[in-house]
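Reading the sequence shown from the start, the letters are residues 2 to 126 in our numbering. Virtual Cβ for every residue (Gly too), placed ideally from N, Cα, C. What follows is a set of notes on a single structure, which appears directly below.
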Amino acid sequence: MTATETRERLTRSREIHARIADALDVEVARRRRLMEAFARAGTAPPREDDDARADARATVDASSTVDLDAPDGDLSDVTNAKAALARSQAKARMTLAEASKTRARNDALEKALADAGVEIPRACE
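Dropping the structure here:
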């Protein structure tokens, strides 16, 4: 793979990461609304299970093997461009894992609210 091809892939990877980060922001806002609904109803949210906490720790442990904050260096150099691509892809994978877990947890919170007969808050459109 040439430096040009690697830079193109890096650009696409960063764009994908940005879209994933936007999706995570949506889920974080959703979590906030759901937690506020629990507070208004005077109900405690269900506890997160131990497996979910272990998964979160595994994601953090996996990220520690990649230096995500290393400088990109001269992207005209194939080695630096490939390293930057690897970091970008690692960030995207970790953000995707976090967004997926957040969405699954939010779905469980929403179900708990519905089971308790509490109105489920919707996003402002």
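- Rounded to whole angstroms, the separation of the alpha carbons of residue 78 and residue 97 is 28 Å.
- Excluding sequence positions up to five before and after residue 39, its CB lies within less than 6 Å of the CB of 46, all in the same chain and listed in chain order.
- For residue 7, the uninterrupted alpha helix (DSSP H) segment begins and ends at 4-42.
- Secondary structure note for residue 49: it is in no alpha helix (DSSP H), with a DSSP letter that is neither H nor E.
- For residue 120, there is no enclosing alpha helix (DSSP H), since its DSSP letter is neither H nor E.
- A residue is called buried once 16 or more other Cβ atoms fall within 10 Å of its Cβ, and residue 92 is buried on that count.
- With contacts defined as CB atoms closer than 8 Å, residue 104 and residue 28 qualify as a contacting pair.
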